[in-house]
Amino acid sequence: MNPHVVVYKKLPNELLAALRARFRVTYFEAIDETNRAAFLEAMRDADGLLGASVRLDKATLAPATRLKIVSTISVGYDTFDVDDLTERGILLAHTPGVLTETTADTIFALILATARRVVELAEFIKAGRWRHSLDESLYGVDVHSKTLGFLGMGRIGQAVARRARLGFNMTILYHNLQPVPEVETAFGARFLPLDEVLRAADFICVVLPLSPETEKLVGAREFALMRPQAIFINGSRGRIVDEAALIEALQQRKIHGAGLDVFEREPLPADSPLLAMPNVVALPHIGSATHETRLAMARLAVDNLIAGLDGERPRHLANGSVWSNRR
Ligand code: DGY
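Residue numbers (the numbering used here): 8 to 334.
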């Protein structure tokens, strides 16, 4: 019998057809309270899973005893227990690369929108409040020629650094597990201890993956080190930041503003104090959300899944040791 694949995210018809031509497919466009039980039941005899944005922890995946591969349509894989999948010999494939430039665009949009008060002032004009020339209470702050400090320096960080250096003449500082010589050569970036980056930067940009090591990495202590004019940007994962400490830092004007695409809890509750702050630009996790990029991610995730079920190495594995141990 053909392998059984459970899809838990809306897929373009052409990709769904490609899967249906090879596998027995159970398809859910999204998972919510109305179909969660059916999804869990379908998973019990699944050989492969394909989807995104659903937490599939150890307990949830335990009944899926036939599982050989999970292919997530995302670069991040913090919704899975990687150690558990690895112990069980289940491949975990993801989609790095194809979303790098789009996500860097989103992060740069947050930098500009927060510094230049784009959202606030667009609302101002739409509300019919532009009656005189602007006074300084509505001025923003410059982005060009300022200092941009990164926490992390992977693919997405490097793509943001390129925009910042070549397009905006910014000085680049970064803290990372290891120095990244390419970014130093190409963009003059300086590798510094975390606290020095926090103290020196005008913009602090989080581009780290979420892991037990990075969870709540930025909290009250770190916000206290930032300059009062600092703008904090997070386009990676909300749980890297202690959101209560961020809210307090903004309320007490310890920092100037924040541009956020990600939150501790998503969707962000409508009563979050962040949504009432004019100096916060909040986006609904749109990092990679363009038609072109989401299609490229879905294609890559489907290719990864097909390779895994055909006994070939998927292009991008989060737990490559599962593959090496099979050889
Ligand atoms: C990713 O690919 O990890 C994006 O954040 C979408 O979840």
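C-beta: ideal position from N, C-alpha, C; glycine also.
Closer than 7 Å: residue i CB and nearest the ligand DGY heavy atom
i: G245; result: no
i: A100; result: no
i: I81; result: First, the amino acid is wrong: residue 81 is Ser here, not Ile. Within the cutoff, so yes.
i: G164; result: no
i: A59; result: yes
i: G294; result: yes
i: L92; result: no
i: L184; result: no
i: L106; result: yes
Closest by C-alpha distance to residue i, when choosing among the options
i: L302; options: S81, Q259, V225 and L199; result: S81
i: K17; options: R29, A28 and Y34; result: Y34
i: I179; options: D209, E229 and E108; result: D209
i: A289; options: R234, E299, P276 and T300; result: P276
i: T154; options: L199, A207, L106 and D85; result: A207
i: L186; options: A25, V126 and G164; result: The identity of residue 186 in the sequence shown is Pro, whereas the question assumes Leu. Minimum Cα distance to P186 is reached at G164.
i: D268; options: E222, P291 and V105; result: P291
i: L5; options: A66, L232 and L217; result: Residue 5 falls outside the range modelled here, since the chain spans only 8 to 334, and no answer is possible.
i: A120; options: L141, V14, I132 and V150; result: V150
i: N335; options: G266, V204, V61 and P200; result: It is not possible to answer for residue 335, since the shown part of the chain is limited to 8 through 334.
i: G83; options: S295, E229, D202 and N332; result: S295
i: T297; options: L141, L312, E48 and V105; result: V105
i: M284; options: L199, R124, E273 and N183; result: R124
i: A25; options: Y181, R306, F270 and L63; result: R306
i: V329; options: I76, L145 and P19; result: I76
i: I118; options: A168, F131 and N20; result: A168
i: L205; options: F230, V12, E191 and H11; result: F230
i: V148; options: A129, F131 and A122; result: A122
i: P10; options: D310, P19 and F30; result: F30
i: D39; options: S60, P19 and N20; result: S60
i: D88; options: R333, N326, N332 and T107; result: N326
Bounding residues of the beta strand (DSSP E) (the contiguous stretch that carries residue i)
i: A289; result: V287 to A289
i: V12; result: H11 to V14
i: N241; result: I238 to N241
i: V213; result: F210 to V213
i: T178; result: T178 to H182
Within-8 Å CB hit, residue i to chain D
i: P186; result: Note that chain D does not occur in the displayed structure, where there is just one protein chain.
Limits of the unbroken alpha helix (DSSP H) element including residue i
i: F194; result: P188 to F194
i: V32; result: From DSSP, V32 is part of no alpha helix (DSSP H) but of the beta strand (DSSP E) over R31 to Y34.
i: L201; result: L201 to A207
i: L232; result: A227 to L232
i: W330; result: G327 to R333
Requested in this report: Let me know the alpha helix (DSSP H) ranges lying completely inside the region 146-171, each 4 residues or longer, listed in chain order.
Outcome: Here the runs fully enclosed are 162-169.
Query - Contact between the region 206-215 and the region 242-249 (3+ Cβ pairs under 8 Å) - result: Yes: at least three Cβ pairs fall under 8 Å.
Query raised in the report: Below 8 Å, can you find three or more Cβ-Cβ pairs linking the region 311-323 to the region 43-56?
Result: Taking 8 Å as the limit for Cβ pairs, the verdict is that the region 43-56 does touch the region 311-323.
Query raised in the report: What are the complete alpha helix (DSSP H) segments, minimum 4 residues, inside the region 278-325?
Result: Restricted to the region 278-325, the alpha helix (DSSP H) segments that are unbroken, complete and at least 4 residues in length are 298-316, listed in chain order.
Requested in this report: Scan the region 43-125 and note each continuous alpha helix (DSSP H) run of 4 residues or more that stays entirely inside, going in chain order.
Outcome: Within the region 43-125, the complete alpha helix (DSSP H) runs of at least 4 residues are 43-50, 65-68, 89-94 and 107-122.
Requested in this report: Count the CB pairs spanning the region 96-104 and the region 151-158 that are closer than 8 Å, and state whether there are at least three.
Outcome: With fewer than three CB-CB distances shorter than 8 Å, the region 96-104 does not count as touching the region 151-158.
Requested in this report: Report the residue ranges of all alpha helix (DSSP H) runs contained in full by the region 242-269; include only those spanning at least 4 residues, in chain order.
Outcome: Runs of the alpha helix (DSSP H) inside the region 242-269: 250-258.
Query raised in the report: Given 8 Å as the limit, is there contact between the region 159-178 and the region 132-142, that is, 3 or more CB pairs closer than that?
Result: They do not touch, by the three-pair rule.
Report task. Would you check if the region 67-83 and the region 249-263 touch, i.e. whether three or more CB-CB distances between them fall below 8 Å? Result -> Judged by Cβ distances under 8 Å, the region 249-263 makes no contact with the region 67-83, as fewer than three pairs qualify.
Query raised in the report: So, do the region 103-114 and the region 251-258 have three or more beta carbon pairs nearer to each other than 8 Å?
Result: Under the 8 Å Cβ criterion, the region 103-114 does not count as touching the region 251-258, having fewer than three qualifying pairs.
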